[in-house]
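Asks: Sharing a structure with you now.
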Amino acid sequence: MGLRKLKKKIKDKRNSDFFLWRHFFILKDSIWFNKIIQSVQYIINLPKSIFLYFLLFFKKQSKDKIEERKERVVAIVLSWKRCANLPLVVYGLKKQSFIDDIVIVHNKPSWLRVPGCKNIFNEENLGCVVRHQIAAEMNGYDYFVFSDDDLMLKQDCSEEVLSVMRKFGQESVIGFFGYELNIDEPKTAYTSGKYKFAYKNTVPIDLIKGRFHIISKKGIEEITNSNLDTPALMSEDDLRANIALQRKFKKPSYLIPIKHKISDLPAFFALENRKKHLSIRDEAIRDGLERGWGNIIK
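Take a look at the structure:
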């Protein structure tokens, strides 16, 4: 084979490989591809979920190993249509020695009563904001951990969480999943923003996403008494929480660096898949700006 033909063959092969990879990445971002992946993950996780469900009848909450802790902490899990994930979520929370109690808020049609927890069943889907409303009515706790039903903590994260909680948690929302706004474009500040994570150090951030966030009793009281009650803000409870605390205390939210200790679970029926999800979040940011909130991180 001549050199010219060999070069042409190599070029054709590269173009072919590029074509395949390009279509793979297009497919990877499609809704149907994600649904297939989640379905496979669901099938793989189901036997483990069933096993952990029965194990939870006997599993006790992990105890503090290093020092005596004064803070009382309750975890509130919001569930909607993903009951199969709950044993995994709760088992991960029971590994956390900084958590004292676990409450599951079941928005209809969530139905699975999980052992070892307090289960609250709502007669209708009350949205995400109900978790903050329930926290406001709870006494005897200093901090509230809010978790969605699509993630599992694989290891005890107490050391990292307590460190950030004690330093920043009284007046800031803290959590694992952050978001950086594009505040220079107020009409699309959220849509044109980007996700952020902390890998080694605590990071100040515009927003902590609702998937896993921690708020103090003081913070919950501020959210409850705020005038942030527009339809968009009541829909996007995580944005409402960040905005309320930043507006009051003039401090950013903070990322906790433990992403490597989190396992994603099948996220069927995720709110981010609903129509107008991003536009509603953009509207919530605009509503916050109109009500006196200013972006803390410049």
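All the letters of the sequence shown, read from the start, carry residue numbers 15 to 312 under my numbering. Each residue gets a CB set at the ideal place from its N, CA and C atoms; glycine is no exception. These numbers come from a predicted model, not from an experiment.
#1: Tell me which same chain residues have a C-beta within less than 6 Å of the C-beta of M248, skipping the five on either side of it?
#2: Could you give the DSSP three-state label for L242: helix, strand or coil?
#3: Specify, as a first and last residue, the run of the beta strand (DSSP E) that D162 falls within.
#4: Please go through the stretch 93-154 and give each complete alpha helix (DSSP H) segment of 4 or more residues, from N-terminal end onward.
#5: What separation, rounded to the nearest whole angstrom, lies between the Cα atoms of L303 and A203?
#6: Taking only runs of the beta strand (DSSP E) that begin and end inside the stretch 202-257, which ones reach a length of at least 3 residues, in chain order?
#7: Between the Cα of K231 and the Cα atoms of A298, G192, I197 and M179, which residue gives the shortest distance?
#8: Taking only the alpha-carbon atoms, compute the straight-line gap between I58 and A98 and give it to the nearest angstrom.
#9: For a test of the three-state rule: what should DSSP assign to E185, helix, strand or coil?
#10: Taking all protein chains shown into account, decide if R225 is buried (16 or more other Cβ within 10 angstroms of its Cβ) or exposed.
#11: Given 8 Å as the limit, is there contact between the stretch 122-129 and the stretch 181-195, that is, 3 or more CB pairs closer than that?
#12: State buried or exposed for I293, treating a residue as buried only when at least 16 other CB atoms are found within 10 Å of its CB.
Replies: Checking against the coordinates, here is how it stands:
#1: The count along the sequence shown starts at 1 and reaches residue 248 at position 234. V143.
#2: The sequence position of residue 242 within the sequence shown is 228, counting from 1. Three-state result, L242: coil.
#3: Within the sequence shown, residue 162 is the residue found at index 148, counting from 1. Counting along the chain, D162 sits inside the beta strand (DSSP E) bounded by residues Y157 to D162.
#4: Taking only runs of at least 4 residues, the alpha helix (DSSP H) segments lying wholly in the stretch 93-154 are 100-108 and 144-150.
#5: The count along the sequence shown starts at 1 and reaches residue 303 at position 289. The count along the sequence shown starts at 1 and reaches residue 203 at position 189. Cα-Cα distance, rounded: 11 Å.
#6: As far as the stretch 202-257 is concerned, its whole beta strand (DSSP E) runs of at least 3 residues are 208-210, 217-219 and 226-230.
#7: Taking the sequence shown and counting its residues from 1, one reaches residue 231 at position 217. The residue from A298, G192, I197 and M179 with its alpha-carbon nearest to that of K231 is M179.
#8: To locate residue 58, count along the sequence shown from 1; it is residue 44. To locate residue 98, count along the sequence shown from 1; it is residue 84. The straight-line gap from Cα to Cα measures roughly 12 Å.
#9: For the purposes of this step, residue 185 is identified with residue 171 of the sequence shown, where counting begins at 1. Three-state DSSP puts E185 in coil, outside helix and strand.
#10: For the purposes of this step, residue 225 is taken as the residue at position 211 of the sequence shown. Burial of R225 is indicated by the presence of at least 16 other C-beta atoms within 10 angstroms of its C-beta.
#11: no
#12: By one-based count along the sequence shown, residue 293 stands at place 279. A small fix is needed here, since residue 293 is Ser in this sequence, not Ile. Around the CB of S293, fewer than 16 other CB atoms lie within 10 Å, so the residue is classed as exposed.
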